[in-house]
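Residues 1204 to 1477 (the working numbering) make up the sequence shown, in order.
Glycine included, each C-beta is placed from N, C-alpha and C at the ideal position.
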Amino acid sequence: MPLFRRRKPVPFAQWGHKVVDFHLPVDGTVQFAQWMHPRTSIQEMTQDEVDGLRQIIRPGDFAIDIGAHVGDTTVPMALAAGAEGCVLALEPNPYVFKILEANAVLNAHRSRIVTQCIAATEEDGAYVFHYGDASFCNGGLTSGWFRNPLKRRHPLSVVGRNLLRVLRTEFAAWLPKLSYVKVDAEGYDRAVLESILPILREYQPTIRAEVYRGLKASERHLLFDLLAGNGYEVFRYKGGARPLGPRVERDRMAAEKHFDVLAVPKQRRNRMAA
């Protein structure tokens, strides 16, 4: 008997979406476009998640979702920022981006989501991401030390842009209101954050970053050093109504295989409920 069951291959298709309604006790009915890709999990949205983000994002604020995928993190961020705020959502995969675009307009009366089909890269240009299935559900720039060619065999050309230039030229008026940056870059979170370091230093937004399962301990320590060295306290991200988890010390960055951190500027720490 085999020790594991191999998943059936997913053929290439543009799977489309269906719109579902979430009925939240405070925010009322929120619509969401669920991607119908067979390997995508069913997304849920809760009032607790939105309330937790409201500890960080206030009405009228600017927030950035880097690696937004279909918008499952973008939409709650946008509800917290409200119609008077703005969330910039970046997703380089053109097939996923179509679903993100659908989510950007579903709740437009109460939120503002600006989408761009780009990856946050050091230089503008074309890049090749690799995915685990032929319909490009989940992947990234998996070159070098943690690419597994057996798991990610499907290449996809995407557009990369220098995010610092994008923000300085296209979102300059919003930057003073920047309160939150979420990064999910498949192990390249540190590189993305380094690319916008001048903005992080100037405006000190709270940061949610992924500690990717493929990261070596040395890379995890460098991510911690980047955050702690720029005035941030590092915590485990819990989600829900109380997203601020236990404090994470440098020597504990490799204690778990895969998790998210919430990096909070010391001057904003009192806004967060532990």
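Local conformation of residue i per DSSP, three classes
i: Leu1447; result: strand
i: His1333; result: strand
i: Leu1293; result: strand
i: Val1299; result: helix
i: Lys1221; result: strand
i: Phe1427; result: helix
i: Ile1259; result: coil
i: Thr1372; result: helix
i: Leu1353; result: Residue placement at Leu1353 cannot be trusted, given a pLDDT of 47 that sits under 50; the coordinates are not used to answer.
i: Asn1310; result: coil
i: Glu1247; result: coil
i: Pro1205; result: The predicted model places Pro1205 with a pLDDT of 47, which falls under 50 and marks its position as unreliable; any figure quoted below should be read in that light. Reduced to three states, the DSSP call for Pro1205 is coil.
Residue span of the beta strand (DSSP E) that contains residue i, given as start and end
i: Asp1268; result: Phe1265 to Ile1269
i: Glu1413; result: Thr1409 to Val1414
i: Ser1360; result: His1357 to Asn1365
i: Leu1418; result: Here Leu1418 belongs to no beta strand (DSSP E), and DSSP marks it neither H nor E.
Alpha helix (DSSP H) segment containing residue i, residue limits
i: Glu1436; result: Looking at the DSSP string, Glu1436 is not in any alpha helix (DSSP H); the run it does join, the beta strand (DSSP E), is Tyr1435 to Tyr1440.
i: Ala1281; result: Thr1277 to Ala1284
i: Val1253; result: Gln1250 to Leu1256
i: Asp1387; result: Unbroken run through Asp1387: none, as it is neither H nor E.
i: Ala1457; result: Premise fails: Ala1457 is in no alpha helix (DSSP H) and is neither H nor E.
i: Phe1395; result: The residue you asked about is not Phe; residue 1395 is Val in the sequence shown. Unbroken alpha helix (DSSP H) run through Val1395: Asp1392 to Ser1398.
Beta-carbon proximity check, residue i vs residue j, cutoff 9 angstroms
i: Asp1230; j: Arg1315; result: no
i: Val1331; j: Val1299; result: no
i: Leu1465; j: Ile1410; result: yes
i: Leu1367; j: Ile1399; result: yes
i: Ala1388; j: Glu1422; result: no
i: Leu1396; j: Leu1370; result: no
i: Pro1468; j: Gly1434; result: yes
i: Ala1271; j: Ala1292; result: yes
i: Lys1380; j: Gly1255; result: no
i: Ala1479; j: Met1475; result: No statement about residue 1479 is possible, as the shown extent of the chain runs from 1204 to 1477 and does not include it.
Contacting residues, own chain, Cβ-Cβ under 8 angstroms from residue i (five flanking each side not counted)
i: Arg1257; result: Ala1283
i: Val1290; result: Phe1265, Ala1266, Ile1267, Asp1268, Thr1277, Met1280, Ala1281, Ala1284, Ser1314, Arg1315, Ile1316 and Val1317
i: Thr1232; result: Asp1224, Phe1225 and His1226
i: Arg1416; result: Lys1460 and His1461
Beta bridge counterpart(s) of residue i as assigned by DSSP
i: Leu1381; result: Phe1265
i: Ala1305; result: In the DSSP output, where bridge partners are listed per residue, Ala1305 has none listed.
i: His1226; result: Thr1232
i: Val1467; result: Glu1436
i: Ile1316; result: Val1290
i: Thr1324; result: Asn1365
i: Gln1237; result: Lys1221
Contact set for residue i: own chain, Cβ-Cβ below 7 angstroms, skip 5 residues either direction
i: Gln1237; result: His1220, Lys1221, Val1223, Ile1245 and Gln1246
i: Tyr1440; result: Arg1411, Pro1446, Gly1448, Asp1463, Val1464 and Leu1465
i: Trp1377; result: Phe1265 and Cys1289
Residues of its chain near residue i, where Cβ-Cβ distance is below 6 angstroms and the 5 sequence neighbours each way are ignored
i: Val1361; result: Pro1295, Ala1322, Tyr1330 and Phe1332
i: Leu1426; result: Arg1393
i: Phe1339; result: Its pLDDT being 48, under 50, Phe1339 is placed unreliably by the model, and nothing is read from it.
i: Gly1363; result: Ala1322, Thr1324, Gly1328 and Tyr1330
i: Ile1302; result: His1220, Ala1236, Trp1238 and Val1273
Residue i CB to nearest heavy atom of the ligand SAM below 8 angstroms
i: Ala1444; result: The model on display carries no ligand, and the ligand SAM is accordingly not part of it.
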